[in-house]
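Colleague:
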Amino acid sequence: MKKEKLDEVRDFHNGIAGKYDELLQKNRFSVILRSLFQKILSEYGPGGKTVLDLGCGTGDDALFISESGAVVTAVDISQNMLDAAQNKSRASIGGKNIRFVKSDIERFLNDNNTKYDLLISNFDAINYIEDIPAFSNGAACALKPGGSLIITVLNKVCLSEFFYSLLTFRFSRAYWALLNRNKYLVNGLWLRSPGEMKKLLAENFTLVSATGVGIFIPPHNLEGMYGKISFLLPALLQAEKLGRRNRFFCNFSDHYIIEMVKK
Ligand SMILES: C[S@@+](CC[C@H](N)C(=O)[O-])C[C@H]1O[C@@H](n2cnc3c(N)ncnc32)[C@H](O)[C@@H]1O
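In this note's numbering, the protein residues as written are 107 to 369.
#1: Please list the segments of the beta strand (DSSP E) lying wholly inside the stretch 134-200, counting only runs of 3 or more residues, in order along the chain.
#2: Given the structure, does MET187 come close to ligand 1, in the sense that its CB is under 6 Å from one of the ligand's heavy atoms?
#3: Name the one or two DSSP bridge partners that PHE311 has.
#4: Along the chain, where does the alpha helix (DSSP H) containing LYS334 start, and where does it finish?
#5: How do the stretch 233-242 and the stretch 262-282 stand: do at least 3 beta-carbon pairs fall below 8 Å, yes or no?
#6: Taking only runs of the beta strand (DSSP E) that begin and end inside the stretch 203-275, which ones reach a length of at least 3 residues, in chain order?
#7: According to DSSP, simplified to helix, strand and coil, what is TYR281?
#8: Mind checking whether SER359 and VAL314 have CB atoms under 7 Å apart?
#9: Mapping the DSSP letters down to three states, classify ILE122 as helix, strand or coil.
#10: Given that a residue counts as buried once 16 or more other Cβ atoms are within 10 Å of its Cβ, and exposed if not, what is SER195?
#11: Tell me, which residues are paired with GLY318 by DSSP?
#12: Keeping to the same chain, check which residues put their C-beta closer than 7 Å to that of GLN144; ignore five residues upstream and five downstream.
#13: Quick check on ALA341: buried or exposed, where buried means 16 or more other Cβ atoms within 10 Å of its Cβ?
#14: Counting Cβ pairs closer than 8 Å, one from the stretch 203-210 and one from the stretch 173-187, do we hit at least three?
#15: Considering only residues of the same chain and omitting the five flanking positions on each side of GLY301, which have a CB-CB separation below 8 Å?
#16: Going by the beta-carbon positions, is the gap between LEU225 and LEU158 smaller than 7 Å?
Dropping the structure here:
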């Protein structure tokens, strides 16, 4: 990534680090995504494994797996995010098993000589990377044979955003929600569909599964919708659970968690 772009990403995250946890804890979608991601991590039995968390932010996932006995290297470009993560780790039982590194993801992978069992990245850090094939090579080098890559990616299209934009008469946004959200979402993010992501990583990784999040429930940027549709929520949450691992619905979810294994 170009230096100016990287500086922008770093400054943005330095600016939000102080209120990041509070924002996420208040946001229903984020709470659902976090718990689903951590449920998937648990299925990998992280105890005793070495884990690389890329774009660790305030460290919730690094702390979660370190408490199950994993030894974690947690990387982030933002010093304020790392400070918040380090503060939390001091009060945590697993905290001593985490090594924090301030670095750009691509540079870290370039310079890295260690092999990990798992490489994880939650909540869009991978969306900041333009050159996914290069990332794929770096990630594969950083993994032991048979190692796994588990990442959460912000999708390019989103069915629930289409419907909720229609309900609020934002027709242009509804149109782009179905075609390409790169047209209006925050600059600097590279939005890709699960199929595109799978292809970009295919040289080094085989798909294990993709799990959609935010298929029927409003995505995190539409948190305000929850008040208006609260009577529908139990049904939407149930539909969300049923649609989660369905390939068709996953293509239209706000985020997806992609699990891949090194070839
Ligand atoms: C939305 S936050 C997610 C944080 C954390 N993974 C979570 O689940 O809460 C994205 C994080 O990725 C970091 N990040 C974005 N691009 C990065 C890059 N190129 N290198 C290192 N960190 C990066 C940001 O600083 C930020 O902390």
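Ideal Cβ positions, reconstructed from N, Cα and C, are used throughout, including at glycine.
Modeller: On the basis of the data shown:
#1: 156-160, 177-182
#2: yes
#3: LYS368
#4: 331-334
#5: no
#6: 204-208, 222-227, 249-260
#7: helix
#8: no
#9: helix
#10: buried
#11: TYR362
#12: ASP167, PHE170
#13: exposed
#14: yes
#15: ASN357
#16: yes
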